[in-house]
Amino acid sequence: MGSKHKLRWAAEGYKPCQHLLAYRLKHGAESFRVLQKCLRAGGTPGRACIKREEKEVPRCASCGRAHGRLYACLLCATIGCWSPPEAPHARLHAQTAPGHDLAVDVDRAELFCCACSDQVYDPDFDRAVIGAQSAPLLGGTAKSYEKEHPINGKDAADCVKRRRGAEYKPWVPTPGEQLALRQGSTPLKEDESLPSGLRGLNNLGNTCFMNSVLQALLHTPPLRNYFLSDRHNRAICQRRAPHLCLGCDMDTIFSAAFSGERTPYSPAQFLYSWWRHAANLAGYEQQDAHEFFISTVDGIHANSGTTSPRARHSQGGRAGDVDCRCIVHRVFSGLLRSDVTCTVCGFTSTTYDPCVDISLDLEPDIGTEKLFVDPVLNGESGGRSSRAASSAFSASTLLGCLDRFTRPERLGANEKFFCQRCQTRQESIKQMSVRKLPLVLCFHIKRFEHSSTRNTSRKVDRYVQFPFFLDMLPYLSSSIVRSRHGNRLLSVDSEETGLPSMHSPFSSEFELFAVVTHSGKLDSGHYVCFLRLSGRWYKCDDAWVTRVSEDVVRASQGYMLYYVQKTLSYKASDLLPSSTPDILDKNGKHGGYSCVSGLPSMVNGV
Amino acid sequence: MIESGEKERLKELLRERLIECGWRDELKAQCRAFTRKKGRANITVDDLVRTITPKGRAMVPDNVKAELLQRIRTFLLSDALWP
Chain A
1 MGSKHKLRWA AEGYKPCQHL LAYRLKHGAE SFRVLQKCLR AGGTPGRACI
51 KREEKEVPRC ASCGRAHGRL YACLLCATIG CWSPPEAPHA RLHAQTAPGH
101 DLAVDVDRAE LFCCACSDQV YDPDFDRAVI GAQSAPLLGG TAKSYEKEHP
151 INGKDAADCV KRRRGAEYKP WVPTPGEQLA LRQGSTPLKE DESLPSGLRG
201 LNNLGNTCFM NSVLQALLHT PPLRNYFLSD RHNRAICQRR APHLCLGCDM
251 DTIFSAAFSG ERTPYSPAQF LYSWWRHAAN LAGYEQQDAH EFFISTVDGI
301 HANSGTTSPR ARHSQGGRAG DVDCRCIVHR VFSGLLRSDV TCTVCGFTST
351 TYDPCVDISL DLEPDIGTEK LFVDPVLNGE SGGRSSRAAS SAFSASTLLG
401 CLDRFTRPER LGANEKFFCQ RCQTRQESIK QMSVRKLPLV LCFHIKRFEH
451 SSTRNTSRKV DRYVQFPFFL DMLPYLSSSI VRSRHGNRLL SVDSEETGLP
501 SMHSPFSSEF ELFAVVTHSG KLDSGHYVCF LRLSGRWYKC DDAWVTRVSE
551 DVVRASQGYM LYYVQKTLSY KASDLLPSST PDILDKNGKH GGYSCVSGLP
601 SMVNGV
Chain B
607 MIESGEKERL KELLRERLIE CGWRDELKAQ CRAFTRKKGR ANITVDDLVR
657 TITPKGRAMV PDNVKAELLQ RIRTFLLSDA LWP
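From first to last, the protein sequence lines stand for chains A and B. Each residue of the first sequence is one higher than the last, beginning at 1 in this note's numbering. Each residue of the second sequence is one higher than the last, beginning at 607 in this note's numbering.
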């Protein structure tokens with residue numbers, strides 16, 4: 001037995017028992033290789049067990065029992081049971097047949113020494129088990145695995161029953177490809193002081209609405225990863241001529257933003273494509289950023305090349321959104337649950353609607369409130385003043401708005417809902433909740449009020465306080481429904497509620513990464529986007545990008561808030577070498593057009 | 607029931623449910639705590655099984671028990687042609 005093997009044991013801090021040592025000295029690793037042929041992947045992932053026919057039941061050779069732990073002798077494959085305090089037949093076998101101490105657990109593929117009555121460990125055995133588990137995944141032979149991890153230099157036979165997945169072949173560029181690589185690529189300029197992807201966008205004529213949303217999209221982690229990994233580009237785009245694909249234009253913008261160039265970029269092609277897509281919004285007038293966001297999502301979806309007919313939006317409804325596999329829906333699409341309960345008989349009708357964002361109402365002024373069922377909310381809605389003192393200047397919080405959104409609301413007498421059980425229109429209570437959270441949550445604060453009675457619109461300038469970290473748990477359907485039923489377990493299992501199961505990588509915790517703000521009046525205002533990159537906040541005002549402090553962001557008038565699931569936001573190193581001091585006013589506001597040093601002088605004029 | 611393969615299927619279902627409800631993770635933590643207390647070298651598989659089994663049995667949530675019982679009952683009733 002090689003000293004290498006002994007070293008491996010020592011490296012693990014493990015002392016093999018005398019029986020294992022004796023066994024290895026006598027038989028080496030031969031029987032492990034034979035054993036590998038008899039193993040297969042077991043029930044749960046990561047497990048292995050001994051192969052058996054479909055209906056075959058392993059039984060103890062002496063007593064025939066089939067439950068409890070069964071061990072198969074390594075040398076003669078006799079199966080013995082082991083269930084103390086009764087006489088374990090596996091140990092009897094070891095006693096009667098000297099040298100046959102080692103056995104394998106039939107259901108778990110663990111090495112066991114019957115003389116010592118305990119599990120023992122051997123690296124070659126482990127390798128055999130891993131080889132048996134991974135052979136089918138390698139889509140070929142266990143040989144390829146063995147070549148890298150030889151057991152005593154010899155090949156193991158393959159024990160593959162069926163192919164699963166694609167076979168992995170390392171990629172070697174052909175000479176043609178190598179030439180293309182050399183000619184077609186430029187090295188990224190290493191600019192350590194600024195985060196990558198940060199680049200100003202020129203205003204092409206009242207296009208600040210587009211620039212701010214584009215900045216937010218450029219730094220939406222899953223979207224950024226998708227486009228930067230070249231998952232959609234002109235070459236693979238399926239859209240035929242005329243080539244107007246918002247996805248391709250998006251890809252162009254990503255390439256431009258992350259190219260390392262810091263001069264401001266003009267997204268003219270994207271603007272043109274978007275005009276073609278949203279013809280009613282074309283022109284150089286100011287537009288609403290939220291409308292732009294929705295229509296852009298729609299445009300990228302339409303060109304995503306999904307062939308499923310469900311994914312195309314039918315008039316009015318977009319029922320296929322939840323299952324749509326296009327990138328924007330995978331990132332932004334969530335599911336809202338709406339429960340309408342009849343006040344007379346208690347029958348609840350539940351509907352699910354997909355959404356790509358959540359539009360939140362601000363609290364109305366006194367005098368126009370609807371009746372609420374729950375008069376008082378505590379805790380979360382910290383910043384809300386009492387209704388008596390409420391005025392257009394009262395503070396609001398995002399959590400307060402979410403509370404309002406998910407509060408049971410009594411529908412008015414003129415909005416009676418048809419109850420299935422009563423078979424007549426009854427007064428009812430409606431409650432919203434979030435059934436499925438998207439990867440990226442976009443909140444839209446409804447600041448633009450349109451009054452149909454007076455045919456005017458106005459903007460609500462009220463400050464809304466928003467948290468940097470958000471836990472959506474209390475607004476999920478599971479929580480809302482559970483609190484409605486008083487915490488009874490029966491109707492709510494984890495499938496129904498959209499709650500993350502133990503294995504789901506997603507949780508209900510979110511982090512803020514982009515804020516689109518609006519300042520000014522309804523028809524003449526300006527959009528600005530704040531981005532969080534590498535732990536720092538940057539203000540993107542068209543072509544001017546500056547670094548700002550957190551407080552500036554906190555104090556801004558949020559219009560659209562972008563939150564990403566905490567599990568998806570990678571903690572880039574916060575230790576950016578800051579070669580330049582931060583250029584900020586003492587109020588934290590940026591005065592004039594100060595720029596972070598290193599950015600060359602900006603294009604003037606808008 | 608064993609020979610029809612139903613036991614294996616039920617075992618798989620049980621495994622899935624116990625993982626979902628966090629039972630496996632809690633039990634893992636218990637095993638770790640026990641091993642740490644006893645010392646890694648002084649413990650055998652039998653010790654662990656003997657100590658942890660009663661705890662594990664007690665920790666199974668009622669709804670999982672109910673579901674499994676229900677399924678076993680259904681199976682036995684459906685397979686009423688027992689020779």
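For each residue, glycine too, the CB sits at the ideal point set by N, CA and C.
Where the alpha helix (DSSP H) through residue i begins and ends
i, result
"A/Pro-221", "221 to 228"
"A/Tyr-272", "268 to 277"
"B/Val-651", "651 to 665"
"A/Lys-15", "Segment: none, A/Lys-15 is in no alpha helix (DSSP H) and carries neither H nor E."
"B/Trp-629", "629 to 644"
"A/Gly-558", "From DSSP, A/Gly-558 is part of no alpha helix (DSSP H) but of the beta strand (DSSP E) over 558 to 565."
"A/Leu-75", "Run containing A/Leu-75: none; DSSP gives neither H nor E here."
"A/Gly-184", "175 to 184"
"B/Ser-677", "First, the amino acid is wrong: residue 677 of chain B is Arg here, not Ser. Segment 668 to 684, the alpha helix (DSSP H) holding B/Arg-677."
"A/Cys-248", "246 to 257"
"A/Cys-38", "30 to 38"
"A/Asn-350", "Per the sequence shown, the amino acid found at residue 350 of chain A is Thr instead of Asn. Run containing A/Thr-350: none in the alpha helix (DSSP H); it sits in the beta strand (DSSP E), 348 to 355."
Contact set between residue i and chain B, taken where Cβ atoms lie within less than 9 Å
i, result
"A/Gln-119", "Thr-650 and Val-651"
Closer than 8 Å to chain C by CB, residue i
i, result
"A/Leu-512", "The chain inventory of the structure shown lacks chain C, comprising the protein chains A and B."
Classification of residue i by the beta-carbon crowding that lies within 10 angstroms, buried from 16 upward
i, result
"A/Thr-607", "Outside the shown range of chain A (1 to 606) lies residue 607 of chain A, about which nothing can therefore be said."
"A/Cys-422", "exposed"
"A/Ala-48", "buried"
"A/Leu-218", "buried"
"A/Ser-477", "buried"
"A/Arg-69", "buried"
"A/Asn-280", "exposed"
"B/Pro-660", "exposed"
"A/Asn-86", "The sequence given here has Glu at residue 86 of chain A, not Asn. Exposed, since its Cβ has fewer than 16 Cβ neighbours within 10 Å."
"A/Lys-6", "exposed"
"A/Lys-4", "exposed"
"B/Ser-684", "exposed"
"A/Asp-124", "buried"
"A/Trp-171", "exposed"
"A/Ala-156", "For A/Ala-156, the predicted model reports a pLDDT of 32, less than 50, meaning its position is unreliable and no value from the coordinates is stated."
"A/Leu-181", "exposed"
"A/Asp-126", "exposed"
"A/Cys-114", "buried"
"A/Leu-439", "buried"
"A/Cys-345", "exposed"
"A/Val-120", "buried"
"B/Arg-638", "exposed"
"A/Phe-372", "Because A/Phe-372 carries a pLDDT of 38, less than 50, the predicted location of this residue cannot be relied on, and no value is offered for it."
"B/Thr-680", "exposed"
"A/Ala-514", "buried"
Opening and closing residue of the beta strand (DSSP E) in which residue i lies
i, result
"A/Leu-522", "Premise fails: A/Leu-522 is in no beta strand (DSSP E) and is neither H nor E."
"A/Thr-546", "544 to 548"
"A/Phe-112", "111 to 113"
"A/Met-472", "Looking at the DSSP string, A/Met-472 is not in any beta strand (DSSP E), and its letter there is neither H nor E."
"A/Trp-537", "536 to 541"
"A/Gly-412", "Here A/Gly-412 belongs to no beta strand (DSSP E), and DSSP marks it neither H nor E."
"A/Asp-339", "334 to 342"
"A/Leu-362", "Segment: none, A/Leu-362 is in no beta strand (DSSP E) and carries neither H nor E."
Integer Cβ distance of residue i from residue j, believed to fall under 8 Å
i, j, result
"A/Glu-511", "A/Tyr-475", "That belief does not hold up - the Cβ atoms of A/Glu-511 and A/Tyr-475 are roughly 16 Å apart, past 8 Å."
"A/Ser-519", "A/Gln-557", "6 Å"
"A/Arg-91", "A/Ser-117", "7 Å"
"A/Leu-336", "A/Thr-296", "A/Leu-336 to A/Thr-296, Cβ: 21 Å. No contact."
"A/Ala-128", "A/Arg-33", "6 Å"
"A/Thr-348", "A/Gln-426", "With 8 Å as the limit, A/Thr-348 and A/Gln-426 do not qualify as a contact, their Cβ atoms being about 12 Å apart."
"A/Gly-80", "A/Tyr-71", "6 Å"
"B/Leu-619", "B/Gly-662", "The Cβ separation is near 17 Å, so there is no contact."
Exercise. If you scan the stretch 425 to 469 of chain A from start to end, which runs of the beta strand (DSSP E) of 3 or more residues do you find wholly inside it?
Worked result: 428 to 436, 440 to 445, 448 to 451 and 456 to 459
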